[in-house]
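Below is one structure; the comments refer to it alone.
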Amino acid sequence: MQHNYRRVIIIVICNKMIGNFNKLQFL
Numbered sequence: 028m029q030h031n032y033r034r035v036i037i038i039v040i041c042n043k044m045i046g047n048f049n050k051l052q053f054l
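According to the numbering used here, the stretch in the sequence shown is residues 28 to 54, in order.
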């Protein structure tokens, strides 16, 4: 369970970083 939990956190952080990068590109 902990391994999946850690993987989910990494995916969420990556999604936030990608979302911020896309916002910078649109600006």
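Yeah, the Cβ is synthetic: ideal placement off N, Cα and C, and Gly gets one too.
Whole-angstrom distance between residue j and residue i, CA atom to CA atom
i: Lys43; j: Tyr32; result: 17 angstroms
i: Arg36; j: Gly46; result: Correcting the residue type first, residue 36 is Ile in the shown sequence and not Arg. Those two C-alpha atoms are separated by around 15 angstroms.
i: Leu51; j: His30; result: 32 angstroms
i: Phe53; j: Arg34; result: 29 angstroms
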